[in-house]
Structure formats: structure tokens, C-alpha cells
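Q: One structure coming up, written as C-alpha cells, with questions to follow.
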Amino acid sequence: MVVMKTITDYMRARHYILHELKSHDNLEEPIKSEREFAGMIGVSRIVVRYALRGLISEGIIISGKTRGNFISPGHFQSITTKKRELYNVMVLFGGGKQLGLDGFYSSILEGICAVYKHIPVSLQSVSLNGRIEEFYNEIMMYFPDGIIWVRPEGKMTPVIAALRESVPVCCLGDKPGGDIFAVTADYLQAGRIVGKWIIDNGYRYPAFAGYNTISPIRREIYHGWAGFLVEQGVKHDNIETISSQEKVTARVASLLDSGVDCIFSLASDFIVIDLALRALRRRCAVIVDENYFGDYGAVNPISAMVELFPPEIATTAAAEMFRVLEKSGELPGEIVISPRIIKTPRTKNIWLKYLYGCNEVIKD
């Protein structure tokens, strides 16, 4: 039995061969041999053999037995009849190994796809499987013309720097920091506009739910929120949401008894807060961001919503990437889009009411 070091060897061979086929313009001439491919790619001949067998089974390559392997007429025609070359844009998330996409990431991908729907771009969403030190080679085996990296983790910085020597990389949604090619939001300003909304609507003792020191974006939002309230002389507090539900409920009860009249909750933390309010049979004004998970089963009404990640972030990143690829233009630098308070949407998903029993939802 033959065991490859990693599946990456096979995928690197496969993508390299497919890339080579694009420049193979003679049906009568065999493609390169196993030995030639192995030497060019840097893998064993057995790995190349498996990759070729896979392409033969897919009808992309025809085996000529002793004469070698040939590109199939159907695949050859699909290459030669293209009016123009497609730009290959790769999308990566977080640490590069994102296997599943939640609603937040799906909406970003949806925005990118909307821009590329009618222009010559082939989009690849990839989950890397090697070690970080192997990421560069693993990414480049897909032959990307450009990369959109959504909220890359800090440890990806050297990988991105190395990639930028070869292809443009747009960092999307990260904390602003003067990057050479990035599209993001002003998270510090997001916190400030929430603080302003709280004061403008007459609340005098707000609490922030979900602050932690791990997420740089949450820190930015919190510092903007708390900083504005301090400037205005408004008392404020925090709710730790990584504790048990019982501790969160007890904390919420204590704060409500102390006079807290508004809670600013981020994303999935809303569910924890809603469960606490439900258990206490109490109500409190709550402001959330657009990624809150409150459409199913929530009983506490949402007072307002801050759009931390406007859809223009994804669409602008996609459009700027295409502009750079199409016109070989200069990198745009860092584009920062302002967050905003939006009118609270009411769920139109009627099935949620029956599936989760949302009979207690308070109407406006």
C-alpha cells in the first residue's frame, strides 16, 4: 500500500497538471510524462500517477497506453473556445481552515458572489489542511490570481506577507491598521455610535455583554462604547457571557436590581442574555449587531441594531480585487466603511415561530 505524506501532495499535483493543460494546444501531442510532472511539482511519481488516473476517470485526459496521455477533445474545446481567461480569486476565512460557514461568513461570500456573478472571475473557497509553514505552498498550488482573506488571524500575517510577493491579497473585515490592501469597518466608531444612541434615547445605566480580551474587534467596539460613555459621564457596566447560564442570569438580575436599563449585546451573546431575561421574567432594552442569533425563540424585543459589518465591505473588496487584477492598478490601501444604526428588522421567517415556538415574541 502506498501512503502519501498528505493529501496536499495529491492536490498540488492535480492542480499543477490542470494548470499545465491550459497551455497545451495540440491534441495530437501527449502531455508531459509522470517523470516530468514529478520533477516539476516536487512530488513522487506515484502521486502524479494517482492524479493522472483521477483526471482520466473524469474524462479530462485520455490514456494512450504506451504512447502517453493526451488531453481529451472535449476538454481541449472548452479551453480553446473561452473568449477570455477567468481570474482565479481565492477566498479564505480566519485561520485558513474554516470548514463550515455560519450566517456571518455566508453573507460575506454572498456579497462577493454578487459582484462576480457577471464578470470573468472563478471563485474558490478553500480550507487549508497543512501546517502554517506550509500554507504558502498549499495556497499557491491553486494558482490564485488574487486572494480575499476574511478576518485573518494574527498568526497569518507572515503568510499574507509572503503571498503578497506574488499575488494581491485583500484582508477583509479585520481591525483597521493601515494595511496596504484591506476593506473593513471602523469598530471603534461602532462602539461610539451605540453609546450615542443609548444616551440619545434616554438610557442612563447601560451594560455591555460579551466583552473579552481575546478578540481585537470586540476590544475595539468596547473601548469605543465605554470611552464615549466616560466622556459623557454615564455610568456603565459589563456582563461576562462565557460563564455558565446560571451565573449570567444571576449577574443580569443583580445589574437590573442596580438600575441597568439597557444592554448592548454582540452576536450569539444575545441568546444568553435573552435566556437570562426570560428566566427572570423581566424586560430590558437591548441593542444588538446584525449577526445576532435572535430570530428563533427570542422573547425580549430588540430596541435597535448596529450594522457593524455593512454589506459594502464584501462588495467593495470584491470590486477592488477585480479592478487590481483587470487594470494591474495600484493597491487601494485600507478602505474603512462606517458602521450605522439601522431600523430593527422583524423576522419574516414564519416557520421559525412554529419550529422554535416563538409565541412570546413581543410585537412593536
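Read the sequence shown against this note's numbering and you will find it ends at 369, with the numbers running on by one and no gaps.
Virtual Cβ for every residue (Gly too), placed ideally from N, Cα, C.
The structure presented is a predicted model; accordingly, all values stated were derived computationally and were not measured.
1. For LEU282, which three-state DSSP category applies?
2. Tell me, to the nearest whole angstrom, how far the beta carbon of SER127 is from that of ASN93; I am working on the premise that it is less than 8 Å.
3. Go ahead and label VAL235 buried or exposed: buried means 16 or more other beta carbons lie within 10 angstroms of its beta carbon, across all protein chains shown.
4. So, for MET145: in the same chain, excluding its five sequence neighbours on each side, which residues have a beta-carbon less than 6 Å away from its beta-carbon?
5. Take ARG209 as the anchor and find which of VAL155, ALA322, LEU260 has the nearest alpha-carbon.
6. What do you get for THR321, buried or exposed, if any count of 16 or more other CB atoms within 10 angstroms of its CB means buried?
7. For ILE347, which residues of its own chain have a beta-carbon under 7 Å away from its beta-carbon, when the five flanking residues on both sides are left out?
8. Flag this pair as yes or no: are the beta carbons of PHE275 and PHE109 separated by less than 9 Å?
9. Hey, out of ASP191, PHE98, LEU133, PHE148, whose CA is closest to GLY159's CA?
10. Residue range of the alpha helix (DSSP H) that MET326 falls in?
11. Report yes or no: do the region 40-60 and the region 166-177 share at least 3 C-beta pairs separated by less than 8 Å?
12. Skipping 5 residues on each side, what residues in its chain have a beta carbon closer than 8 Å to that of LEU23?
13. Leaving out five residues before and five after ILE226 in sequence, what residues of the same chain have Cβ atoms less than 6 Å from its Cβ?
14. Taking 8 Å as the threshold, find out whether the region 131-138 comes into contact with the region 327-339 through three or more Cβ pairs.
15. Let me know if GLY79 comes out buried or exposed under the rule of 16 or more other beta-carbons within 10 Å of its beta-carbon.
16. In this structure, how does DSSP classify CYS289 when only helix, strand and coil are distinguished?
17. Could you check if LEU57 is buried or exposed, using at least 16 other CB atoms within 10 Å of its CB as the buried criterion?
18. By alpha-carbon positions, which one of ARG345, GLU34, SER270 ends up nearest to ARG72?
19. If you draw a straight line from the alpha carbon of PRO173 to that of VAL96, how long is it in whole angstroms?
20. Report yes if the CB atom of THR189 is closer than 9 Å to the CB atom of GLY178, and no otherwise.
21. Which residue's Cα is closest to the Cα of GLU317: SER171, ARG328, ALA119?
A: The relevant details are as follows:
1. For this step, residue 282 is matched to residue 277 along the sequence shown. Assigned with DSSP and collapsed to three states, LEU282 falls in helix.
2. Locating residue 127 in the sequence shown gives position 122, where the first residue counts as 1. Locating residue 93 in the sequence shown gives position 88, where the first residue counts as 1. Contact flag correct, Cβ pair sits at about 5 Å.
3. In the sequence shown, the residue the question calls residue 235 occupies position 230. The C-beta of VAL235 has fewer than 16 other C-beta atoms within 10 Å across all chains shown, which makes the residue exposed.
4. Looking up residue 145 in the sequence shown gives position 140. Closer than 6 Å at the Cβ level, and outside the excluded window around MET145, lies no residue.
5. Against the sequence shown, residue 209 aligns to sequence position 204. Considering only alpha carbons, the answer is LEU260.
6. Taking the first residue of the sequence shown as position 1, residue 321 is located at position 316. THR321 is buried by the Cβ-count criterion.
7. The sequence position of residue 347 within the sequence shown is 342, counting from 1. Once the five neighbours on either side are set aside, the close Cβ partners of ILE347 are MET310, GLU312.
8. By 1-based counting over the sequence shown, the position of residue 275 is 270. By 1-based counting over the sequence shown, the position of residue 109 is 104. Cβ atoms of PHE275 and PHE109: not closer than 9 Å.
9. Here residue 159 is taken as the residue at index 154 of the sequence shown, counted from 1. Restricting attention to ASP191, PHE98, LEU133, PHE148, the CA atom closest to the CA of GLY159 is found in PHE98.
10. The residue given as residue 326 occupies position 321 in the sequence shown. MET326 -> alpha helix (DSSP H) spans 317-332.
11. Proximity of the region 40-60 to the region 166-177 falls short of the contact definition, fewer than three beta-carbon pairs being nearer than 8 Å.
12. To locate residue 23, count along the sequence shown from 1; it is residue 18. Counting only Cβ-Cβ distances below 8 Å, and skipping sequence neighbours, we find LEU60, ILE65.
13. The count along the sequence shown starts at 1 and reaches residue 226 at position 221. Counting only Cβ-Cβ distances below 6 Å, and skipping sequence neighbours, we find TYR192, ALA195, GLY196.
14. No, the region 131-138 does not touch the region 327-339.
15. Position 74 of the sequence shown, counted from the start, is the residue given in the question as residue 79. Answer is exposed; the Cβ neighbour count stays below 16.
16. Position 284 of the sequence shown, counted from the start, is the residue given in the question as residue 289. The three-state reading of DSSP puts CYS289 in coil, since its state is none of H, G, I, E or B.
17. Your numbering for residue 57 matches position 52 in the sequence shown. Its Cβ being crowded by 16 or more others within 10 Å, LEU57 is buried.
18. Within the sequence shown, numbered from 1, the residue matching residue 72 stands at position 67. Nearest in C-alpha terms to ARG72, of all of ARG345, GLU34, SER270, is GLU34.
19. On the sequence shown, residue 173 is found 168 positions in, with the first residue counted as 1. On the sequence shown, residue 96 is found 91 positions in, with the first residue counted as 1. Each residue's Cα considered, the two are about 12 Å apart.
20. As a position in the sequence shown, residue 189 is number 184, starting the count at 1. As a position in the sequence shown, residue 178 is number 173, starting the count at 1. Contact: yes.
21. Taking the first residue of the sequence shown as position 1, residue 317 is located at position 312. The shortest Cα separation from GLU317 among SER171, ARG328, ALA119 belongs to ALA119.
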